[in-house]
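Some notes on the structure that comes next.
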Amino acid sequence: MDSQVTSANIYGACVLHLGTTSTNIRLIKILPKTSADENTLISCNLHVVSLDKRPDYTALSYVWGDATVNETILLDGERFLVRLNLWNFLVQRHIEGTPGLLWIDALCIDQSSISERNHQVAMMSQIYSKAALVITWLGPGPTELIEALRCIKDSEHPSHEVSILSANVYWHRVWILQELFLGQKVDLICGNESLDLDVLYKRLEDLTEEPDDLEFSDKPPLQQQSRMVSIVVFRENRKANSIGDLEDSAWTLQSILMMFADAQCSDVRDRVYAMTALVVDPLLPDYSLTPSELYEKLVSKYDRPVRHPGSIDHREAELLLFLGFIKDQLIPEEVSIT
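Counting from 1, one number per residue, gives the positions in the sequence shown under UniProt numbering.
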């Protein structure tokens, strides 16, 4: 997260009171400008709410972007650095004058506090599933992408525009698995243009000659499809079947890991926490662990003997594959696991 010397003051004045049963989160509200001066900083206020009280809010899903390119906003009256992509979203939201509360990880979580990060990341599945809307922010442009969203919304066979959308860097984020899968309603937004994710799925159906081609599986044809198509189709099938967790689904963690083998994240540990958030009996986030320690903990938790040789439990097999997948990503060569 983009840190400032004032972050302790900001979050210290807006305490979450964490606990094992706490469902408290922070939400932000973008304040209207009180000056006609274009150089006036975007100003946001923090609010603490309990998810148990069913607050009405929108959750943001976005790419953090380059950590060296920042803009300044006011957060509870204090100057606070945010990365450019988030700043562009806040500016767009402010221009539109859209009311309502927002959940944005970079602002609502004190990233300098390991205990708070652990607690809030463990709650992210609740945060996204209980949001009235999840906004996928694709950025302020380019114009080609804005026009692509418009065309996909209005045309039944926008094959070229779907290709433009699928090339966006957003689809390579590891966290979008839970953010999109768990969101009840998801809107893709680029600049001032929006597209309902359900409409995108319908357009993908229209573009497919054989409906069965859109079935999510771990067969080779899936690997030839774009990641965006796989994600959208998987989400729709999961939603249509009212699947509560991957353990009971026809689509495996193995399939997801194949799809996201090269997914991007700013913290390598998120490759684990973003995946395990979608399975039963997940490993709770602990950012005090080094990558090597996290790997050892995963082995201890999941790498257990198969009880019935020749009849491997699907979940065990998937988790074993998961361990093989993350080994090269998380653990230095000098650490050996037997």
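Ideal Cβ positions, reconstructed from N, Cα and C, are used throughout, including at glycine.
Residue i vs residue j beta-carbon contact at 8 Å
{"i": "ILE231", "j": "LEU149", "result": "no"}
{"i": "VAL134", "j": "GLY65", "result": "no"}
{"i": "LEU165", "j": "MET228", "result": "yes"}
{"i": "VAL233", "j": "LEU204", "result": "yes"}
{"i": "LEU207", "j": "LEU188", "result": "no"}
{"i": "GLN92", "j": "PRO140", "result": "yes"}
{"i": "CYS14", "j": "ILE28", "result": "no"}
{"i": "LEU283", "j": "VAL268", "result": "no"}
{"i": "ALA263", "j": "HIS172", "result": "yes"}
{"i": "PRO285", "j": "ASN24", "result": "no"}
Neighbourhood of residue i by C-beta distance below 6 Å, restricted to the same chain and skipping five residues each side
{"i": "ILE146", "result": "CYS190, GLY191, GLU193"}
{"i": "CYS108", "result": "ARG26"}
{"i": "PRO55", "result": "VAL49"}
{"i": "ASN168", "result": "LEU138"}
Environment of residue i [buried if 16+ CB atoms lie within 10 Å]
{"i": "HIS17", "result": "exposed"}
{"i": "LYS130", "result": "buried"}
{"i": "GLN126", "result": "exposed"}
{"i": "SER7", "result": "buried"}
{"i": "GLY12", "result": "exposed"}
{"i": "THR98", "result": "exposed"}
{"i": "LEU278", "result": "buried"}
{"i": "TRP137", "result": "buried"}
{"i": "ALA240", "result": "exposed"}
Residue i in three-state terms, based on DSSP
{"i": "SER58", "result": "Looking at the sequence provided, one finds Thr at residue 58 rather than Ser. Of the three classes helix, strand and coil, the one that applies to THR58 here is strand, per DSSP."}
{"i": "LYS301", "result": "helix"}
{"i": "SER288", "result": "coil"}
{"i": "GLN126", "result": "helix"}
{"i": "ARG26", "result": "strand"}
{"i": "CYS151", "result": "helix"}
{"i": "ASP198", "result": "helix"}
{"i": "VAL48", "result": "strand"}
{"i": "LEU84", "result": "helix"}
{"i": "ASP187", "result": "strand"}
Contact set for residue i: own chain, Cβ-Cβ below 8 Å, skip 5 residues either direction
{"i": "LEU41", "result": "THR72, ILE73, LEU74, ARG79"}
{"i": "ASN9", "result": "GLU78"}
Sequence-distant residues of the same chain with beta carbon closer than 7 Å to residue i, five excluded per side
{"i": "LEU31", "result": "SER43, CYS44, ASN45"}
{"i": "ASP110", "result": "SER7, TYR11, GLU116"}
Chain D within 8 Å of residue i, Cβ atoms only
{"i": "GLU96", "result": "Any reference to chain D falls outside this structure, which holds one protein chain only."}
Stretch-stretch touch, CB-based, cutoff 8 Å, three pairs: the stretch 99-115 with the stretch 59-69: yes
Meets three-Cβ-pair contact criterion under 8 Å: the stretch 112-124 and the stretch 79-92: no
Touching by the beta-carbon criterion (3+ pairs, under 8 Å), the stretch 42-57 and the stretch 152-170: no
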